[in-house]
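> So that we are looking at the same thing, I have put the structure below in structure tokens.
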Amino acid sequence: MLSLKEISDELGGVSRNHALKLLTDCGIRHKTLLSRNGKKIYYDITREQIQNGALKEKDLKKIAIQQNIALLMLETALNRH
1 MLSLKEISDE LGGVSRNHAL KLLTDCGIRH KTLLSRNGKK IYYDITREQI QNGALKEKDL
61 KKIAIQQNIA LLMLETALNR H
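For the sequence shown, position 9 (counting from the first letter as 1) is numbered 9 according to the UniProt record's numbering, and the numbering increases by one without interruption.
This is how it looks when you write it as structure tokens:
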């Protein structure tokens, strides 16, 4: 389990907001633990998972192409009936 700062450092120094966006997009869960200075949030991911590419950015162009193909298939199926 890593903190947001550790994750952003492991990703090559990206901003914490960008690291948080990647975590939420990938569905990584977090735990809130109490510490001496208050609450601290840790994310359920390891350094090895980050290095293996668990937090890749989504390819928006590829997603748009897949959505268009699905819509064309649906339109074709509906026009047959």
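Beta carbons are placed, not taken as given, at the ideal position from N, Cα and C, and that holds for glycine.
Keep in mind that this is a model prediction, so the values were computed, not measured.
Terminal residues of the continuous alpha helix (DSSP H) containing Thr46?
Sequence index remark: in the sequence shown, residue 46 carries index 46 (1-based). No alpha helix (DSSP H) holds Thr46; DSSP gives it neither H nor E.
> Grab me the residues of Arg29's own chain with a C-beta within less than 6 Å of its C-beta, minus the 5 sequence neighbours each way, in chain order.
Within the sequence shown, the letter at position 29 stands for residue 29. Within the same chain, Arg29 has close Cβ partners Asp44.
> Return the chain-ordered list of same chain residues with a C-beta closer than 8 Å to the C-beta of Leu20, the five sequence neighbours on each side being excluded.
Counting from one through the sequence shown, the residue named residue 20 turns up at place 20. For Leu20, where only same-chain residues beyond five positions count, the Cβ hits under 8 Å are Leu4.
> Let's test the definition: count the other Cβ atoms within 10 Å of the Cβ of Ile7 and tell me whether it reaches 16, buried, or not, exposed.
Residue numbering aside, residue 7 sits at position 7 when the sequence shown is read from its first letter. Ile7 comes out buried.
> Taking only the alpha-carbon atoms, compute the straight-line gap between Lys31 and Asn52 and give it to the nearest angstrom.
Within the sequence shown, numbered from 1, the residue matching residue 31 stands at position 31. Within the sequence shown, numbered from 1, the residue matching residue 52 stands at position 52. Approximately 22 Å between the Cα atoms of the pair.
> Select from Arg36, Ile41 and Asn37 the residue whose C-alpha is nearest the C-alpha of Arg16.
As a first step, residue 16 is located in the sequence shown; it is residue number 16 there, counting from the start. Ranking the options by Cα distance to Arg16, first place goes to Ile41.
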